[in-house]
Amino acid sequence: MGSQHELPADRSYSKPLGIRFLEYIKKAKLSYESHQAIVLIVTFFAYASYHATRKTTSIVKSALDPQSSDLGLKFPWRITYLSAPAESKGLSWVLGDGWAPFNGSDGTALLGQLDVAFLSVYALGMYFSGHMGDRMNLRIFLTVGMVGTGLFTSLFGAGYWAKIHSFYYYLIVQMIAGLFQSTGWPSVVAVVGKWFGKKKRGLIMGIWNAHTSVGNITGSLIASALLSYGWGWSFVVPGLLIAFMGLVVFFFLPVSPESVGAYREEDEVDSLRKSEEEEGVTEPLLGSNTELNEKAVGFIEAWKIPGVAPFAFCLFFAKLVAYTFLYWLPYYISHTAIEGKYLSNEAAGNLSTFFDIGGVLGGILAGHISDRLDARAITAATFMYCAIPALYFYRSYGHVSVVMNVALMFICGMFVNGPYALITTAVSADLGTHSSLKGSSKALATVTAIIDGTGSVGAAIGPLLTGYISAESWSAVFTMLMGAALVAGLLLTRLVVAEVAARISESRSRGGSQTGSEAPELDV
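Taking my numbering, the leading residue of the sequence shown gets 27, the next gets one more, and so forth.
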């Protein structure tokens, strides 16, 4: 009899640790702020792992095609750079003779095709991922995307041990990996947007958006450290890392306040007060449980939300600039004489991280300023306009010294990545909860996907154009980037004018109320 009573206890302990932890969390009734902290931490490391796997390919290119250390077309001044025999021998000793089919005369072109294929599928998949994310459980959707990304990233690396030399194998694997990668951004922005109101959303998301740079730097360090053991490890380890983070997301991520029964005290008071006054009408709060909230917004409807199209096309040109730097900056640095000397690939790669560091500060500043001014468009446009002289000075004076190069690169990263971070985070979350949605909270992923998906098309086109234009002149490349920054700012003109007009009307109304209070004294 005693053994029969002990069975239920044994069965409870047979549950997975993550499930037992979630049950404990629900019973413990954590505060709203504690859940917010969990959301920020889990989504931060989740998307950092996405970028870590994405960065791996650019690092391993030198191992797949060591004979041409560039990331694009061959240039006349490569001969000067490769004239250092000791460096070339050292590179060959570490990386070997490359990997067919990428170590042939067309190896660079094949690697470029992998990049374009990955980014094209990623951009296209973004639209579908946002549409599906608003109709599925985001925790499960994000987990599937992360595990799938880990699987196909690892399969790319598995070609090393399986001795696969078919270009189409790597092409198909990269395309499928790009499809799974597209699940990440709409999902994490939607989750964070559900937990944080508009009041300090820009600053919070600006800090949170540092996961992009953290992921890039982490991916670079892991891939570089493992290259000497075989380039396959540089894919498998980041692949296992993101798959593990996918399991963390599945077990520990609360996708919305409703999913864990967490509400702010003021929200509960407001909702009770409103329900007493008018039962059928509710404010467009994310915590509402009305029938409207259960209906996901369609793709075309999301495009019609005021502000979505201008910000989406602005991001097209902003990401064109940002991703051109992401894919070409290390190469540009290593092939530009700084103080009359050419830096090694490793030194150029390390130096290029200052662009990401500047981007972290830019994202935080853009978010904080837009919160204080309550003007997302004015902030984004101003940063894009400031990026134009920053790009000009970097091209013109970056070669003077390493210190000058780092300083100007840092400033470029701040102004280029600032609006990029603002638009993909706070702006997307704002528009995903726009008042025109009448309380629907199921537009966050769709709006985020539309904006970032359109931007990702620019991210694919920028590096591709750079490969051809740079063959003629790097000055022409920077002219293209400055032109793109100008167009990005101009696309927000209508929204900037609207925000300025709103600020003026507010100041006039305040002035009018003050004069109105003094009016009786003037009439006497």
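Here a beta-carbon is modelled for each residue, glycine too, at the ideal position from N, C-alpha and C.
CA-to-CA distance, residue j to residue i, given in whole angstroms
i	j	result
proline 283	lysine 220	7 Å
aspartate 456	cysteine 412	24 Å
tyrosine 358	methionine 435	12 Å
glycine 258	alanine 269	17 Å
arginine 161	threonine 480	21 Å
histidine 77	asparagine 443	15 Å
tryptophan 329	isoleucine 449	15 Å
valine 526	leucine 399	10 Å
serine 192	leucine 387	42 Å
serine 213	valine 65	12 Å
methionine 231	glycine 393	7 Å
glycine 333	tryptophan 187	49 Å
proline 603	proline 280	What the structure shows of the chain is the stretch from 27 to 550, and residue 603 is not part of that stretch, so it cannot be assessed.
DSSP-derived helix/strand/coil call for residue i
i	result
isoleucine 64	helix
lysine 220	helix
glutamate 303	Reliability of the predicted coordinates at glutamate 303 is poor, the pLDDT of 46 falling under 50, and the value obtained from them is presented with this limitation in mind. The answer is helix: DSSP assigns glutamate 303 an H, G or I state.
isoleucine 331	coil
methionine 172	helix
tryptophan 125	coil
glutamate 284	helix
alanine 514	helix
arginine 536	helix
tryptophan 354	helix
aspartate 382	helix
arginine 165	helix
histidine 191	coil
histidine 237	helix
valine 426	coil
leucine 56	coil
tryptophan 500	helix
Residue i CB to nearest heavy atom of the ligand FMN below 6 Å
i	result
glycine 183	With respect to small molecules bound, the structure shown includes none, and the ligand FMN cannot be examined in it.
Short Cβ contact (7 Å threshold) for residue i with residue j
i	j	result
phenylalanine 419	phenylalanine 441	no
threonine 350	proline 489	yes
glycine 241	alanine 452	no
serine 482	alanine 149	yes
glycine 185	phenylalanine 206	no
glutamine 200	alanine 249	no
glycine 484	alanine 407	no
threonine 261	threonine 474	One point to set straight first is that residue 261 is phenylalanine, not threonine, in the sequence displayed. It is not a contact, given that the beta carbons lie outside the stated cut-off.
lysine 87	leucine 137	yes
cysteine 340	leucine 517	yes
glycine 265	serine 208	no
Bridge partners - residue i, DSSP secondary structure assignment
i	result
isoleucine 364	Lys367
Spatially closest choice to residue i from the options, by CA coordinates
i	options	result
threonine 238	Lys367, Val215, Gly171, Arg165	Val215
cysteine 438	Leu518, Ile495, Glu525, Val347	Val347
proline 415	Met201, Ile64, Met508	Met508
glycine 171	Leu352, Gly156, Ile67	Gly156
phenylalanine 70	Gly176, Gly210, Phe342	Gly210
isoleucine 390	Gln62, Val86, Trp234, Val217	Trp234
serine 131	Leu164, Asn163, Leu90	Leu90
isoleucine 364	Gly384, Val432, Phe342	Val432
glycine 14	Ala338, Phe343, Ala502, Pro445	Since the first residue of the chain shown is 27 and the last is 550, residue 14 is not available in this structure.
leucine 369	Pro264, His425, Thr405	His425
serine 378	Gly265, Ile198, Ile85	Ile85
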